[in-house]
Amino acid sequence: MNTFHDLGLNEDLLKAITDMGFEKPSEVQDKAIPILLEGETDLVALAQTGTGKTAAFGFPMLQKIDIDSRTTQGLILSPTRELCLQITNEMKLYGKHCRGLNVAAIYGGASITDQAREVKRGAQVIVATPGRMKDMIKRRLVDISKIQYAVLDEADEMLNMGFKEDITEILSHTPEDKNTWLFSATMPKEVARIAKKFMNDPQEITVGHKNESTKNVSHEYFLVNSRDRYQALKRLADANPHIFSVIFCRTKRDTQKVAENLIEDGYSAGAIHGDLSQNQRDIVMKQFRSKQIQMLVATDVAARGIDVDNITHVINYQLPDEIETYTHRSGRTGRAGKTGVSMVIVSKSEVRKIKSIERIINKQFEKKEIPSGIEICEVQLMALANKIHSTEINHEIDPYLENINELFEDATKDELIKKFFSVEFTRFFNYYKKSKDLNSADTGRDRDGGRDGGRRSSSNDNAARYFINVGEKDGFDWMKLKDFLKDNLGLGRDAIFKVDVKETFSFFNTEKEHQEKVLEFFTDFKENGRFVNVEVTENRGGGGRGGRDRGRRRDGKKGGGDRNNRRSSNPNGSRSDRRRGSGDDQGSRSRRSDSGSENAVSSRPRRSRRRD
Ligand code: ADP
Ligand code: MG
């Protein structure tokens, strides 16, 4: 692989690259930059979102334009205002050592006069959305008659959004002999047609398999009844207290509705879609970027290309109409070397789509079950324990300690802990104690037989389910955990099934006959100096819910205490504190009533719901 230096970039740009901490070119940069630097050519580049396309056209453009001149020489068209601003920022960073460089952003929903002024200052590069650009050309506020380089970024999306005529109109004001560089994630016929119409014998590069999904993303689907979709979404969020996610809906209306319901139910959620004003979208995006919003509900168009790091989950609340779009959605997570999960909530009638998507992404989905209420309670309890464990003591409370101590004089530590945890736990418990199984029976196909034995094989009274306090944080995935258990317990491979690894803890099943052996083995078992605690938990495969096999914690002292340095975002506390603001742009509406037992309590158990 080349270095940036090898690609032929000049000193000013290399300095900026060092400043930004880019170490080596991404594949699309490696392929595109030399081609664009070397000659005057048109180019079609196909690469997934997140592969670094902006720099692939940005660096060559900055190197090739004459910065001493104040004529507009480069035009970058992009589908949305968010992308336009993102590209503008990147271009400014790339060009920060290029003295005299002006980059102007042109997009709807902001003052046209201000933008015209930016252009007048001598913008060598304009980054624009098609609608506003056309407007400004008509009003003669920009002159693109001398541009040498035109970039169509996210070309497929621009065409999806119906910008074809605007683009045609805009390009008709540019010189014949300019170079056009088209960047796109996919190559539908429309894009091929545009390429043919506007481009001159373009060179072509493709990065990776055309629709390949990121390697770091695992794909899961959940089969539920259509009417339980929203409840299922809430469970998925509750089962992942540290979730930072984009939730995709098919229509603007559903997007708005789901976000409103989540907000009403005490989640830190926000919506982004085309019916919101630019200002509202800006606010939501800012809150999402700064993690004030944990769940961003979005349409495909609004979320396209949005570059937010560390998204843990993409949730397909509904599958997209065009299954190709799934790749874009799941590509929002698993970036920059991180792992991510793309979850799909499907009803029976859609489950066949999963197969088609598997063919496109060339990867298998794992069929998972919507967690039961009691599992969520466990997850929440452990998350709370972790949060408390890593909380820094605030010494402002010192003066009150004497009185507090007096009050608890007769309480043992054990009792105190139990009471303390009950305060929060009881909320979740009361909410979920009568919750039903949301998983819809899979009549269509049996996908889970392969890996963990599947629902049916564990649906016998003979299975014991365990909680174990190690998880992804300890370097486990389901396969590694299975090996670890198998090796330590001396059991056969098939004796351990339904291994479900979470961030800091996991679940697994064995046949009941092994239960004693498992518990025995893990009594006072230490791994790397910390106690590994295993307990019998609700046997959710046991033919019915309700905690029939729910075991007692055998040993309170060992559970979970060794985990620290976690992000503090306890669902009962900080997440709800963040609700303020995220609802700014959501008109209030009355809650639809959902079916299912979770109606009994219409929202999730959060202290802040009372807003006191
Ligand atoms: P795309 O347009 O293909 O979706 P972007 O150009 O938005 O991708 O880049 C995605 C992210 O990767 C950005 O945050 C960008 O700063 C970063 N990035 C781009 N190139 C590199 C590189 N060579 N090394 C490290 N990070 C990079
Ligand atoms: Mg991009």
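All residue numbers for the sequence shown refer to the working numbering, where the first residue is 63 and numbers rise by one.
Quick reminder that beta carbons are idealized off the backbone N, C-alpha and C, glycines included.
Residues in the same chain with beta-carbon distance under 7 Å from residue i, minus the five sequence neighbours each way, listed in chain order, please.
i	result
Ile129	Cys160, Gly162, Leu163 and Gln186
Cys311	Thr317, Val320, Val359, Thr361, Tyr379 and Gln380
Gly511	In this prediction, Gly511 has a pLDDT of 35, which is less than 50 and means its spatial position is unreliable; what the coordinates show is noted afterwards. So the list is empty, once near-sequence residues are dropped.
Asp74	His159 and Cys160
Pro250	Asp218
Gly396	Thr276, Asn278, Val279 and Gly402
Give the straight-line distance between the Cα atoms of residue i and residue j, rounded to the nearest whole angstrom.
i	j	result
Leu547	Met444	22 Å
Gly120	Lys277	26 Å
Glu282	Gly591	34 Å
Asn456	Phe482	17 Å
Thr191	Glu219	12 Å
Leu98	Gly224	28 Å
Gly604	Asn524	Low local confidence applies: a pLDDT of 36 at Gly604 is under 50, so the model's placement there is unreliable, with the coordinate-based value given in what follows. Approximately 7 Å between the Cα atoms of the pair.
Phe84	Thr401	20 Å
Leu338	Met261	35 Å
Lys480	Ser502	36 Å
Asp197	Ile305	41 Å
Asp248	Ala166	The sequence shown places Thr at residue 248, not Asp. Taking the straight line from one Cα to the other gives about 28 Å.
Met195	Gln177	11 Å
Glu252	Ala109	17 Å
Gly193	Ile459	57 Å
Ile199	Ile206	8 Å
Arg610	Val286	Reliability fails at Arg610, whose pLDDT of 29 lies under 50, so the model's placement of it is uncertain and the value that follows must be treated cautiously. So the alpha carbons of these two residues sit roughly 24 Å apart.
Lys226	Leu145	18 Å
Ile423	Asp539	22 Å
Phe593	Gly336	51 Å
Phe427	Phe350	28 Å
Glu231	Lys208	16 Å
Gly554	Ile267	49 Å
Ile95	Asp228	28 Å
Ala294	Thr313	19 Å
Leu352	Ala526	Looking at the sequence itself, residue 352 is Ser, so the reference to Leu does not match. Computed Cα separation, rounded: 42 Å.
Report buried or exposed for residue i, applying the criterion of at least 16 other Cβ atoms within 10 angstroms of its Cβ.
i	result
Ser234	exposed
Asp549	exposed
Met82	exposed
Ala691	A query on residue 691 cannot be resolved here, the shown segment of the chain reaching from 63 to 674 and no further.
Asp472	exposed
Tyr156	buried
Leu463	exposed
Arg291	buried
Arg394	buried
Ala254	exposed
Arg183	exposed
Ile530	buried
Gly332	buried
Met123	buried
Is the beta carbon of residue j closer than 8 Å to that of residue i?
i	j	result
Asn215	Leu139	The sequence given here places Asp at residue 215; Asn does not occur at that position. Yes. Within cutoff.
Glu582	Ala557	no
Gln265	Leu105	yes
Leu713	Phe570	Nothing about residue 713 can be reported from this structure: the residues present for the chain run from 63 to 674 only.
Tyr169	Arg202	no
Ile416	Val408	yes
Tyr329	Met347	no
Thr103	Asn241	yes
His375	Asn302	yes
Thr113	Ser88	yes
Lys115	Phe284	no
Val563	Glu534	yes
Gln125	Leu71	yes
Arg297	Ile436	no
Val596	Phe584	yes
Gln442	Asp327	no
Val204	Val181	yes
Asn222	Val363	yes
Near residue i, what residues of its chain come up, given a Cβ to Cβ distance below 8 Å and the 5 sequence neighbours on each side ignored?
i	result
Asp646	Confidence at Asp646 is low in this model, with a pLDDT of 33, below 50, so its placement is unreliable and the value that follows should be read with caution. Cβ within range, chain order: Gln342 and Ile345.
Between residue i and the rest of its own chain, which residues show a CB-CB distance below 6 Å, the 5 nearest in sequence each way excluded?
i	result
Ser519	Confidence is the limiting factor: at Ser519 the pLDDT is only 39, short of 50, which leaves the residue's position unreliable, though a coordinate-based value still follows. The answer is none, since no qualifying residue turns up.
Ala78	Tyr156, Lys158 and His159
With a threshold of 8 Å between beta carbons, is residue i in contact with chain D?
i	result
Arg489	Checking the listed chains, one finds no chain D in this structure; it contains a single protein chain.
Problem - 3 or more residues per run - each beta strand (DSSP E) lying fully within the segment 146-224 - result: 165-168, 187-190 and 211-214
Exercise for the section: Could you name each continuous beta strand (DSSP E) segment of 3 residues or more that falls completely within the segment 72-140, going from the start of the chain to the end? Expected result: Counting whole runs of 3 or more residues, the segment 72-140 contains the beta strand (DSSP E) stretches 105-108 and 136-139.
Exercise for the section: Only counting runs of 3 or more residues, tell me where the beta strand (DSSP E) segments fall wholly within the segment 398-436, in order along the chain. Expected result: 402-408 and 428-430
Practice task
Please specify which runs of the alpha helix (DSSP H), each continuous and at least 4 residues long, are wholly inside the segment 305-374, giving them in chain order.
Solution key: 314-326, 340-351 and 362-365
Practice task
May I have a chain-ordered list of the beta strand (DSSP E) segments no shorter than 3 residues that lie completely inside the segment 243-268?
Solution key: 265-268
Problem - Segments assigned alpha helix (DSSP H), at least 4 residues, entirely inside the segment 448-473 - result: 463-469
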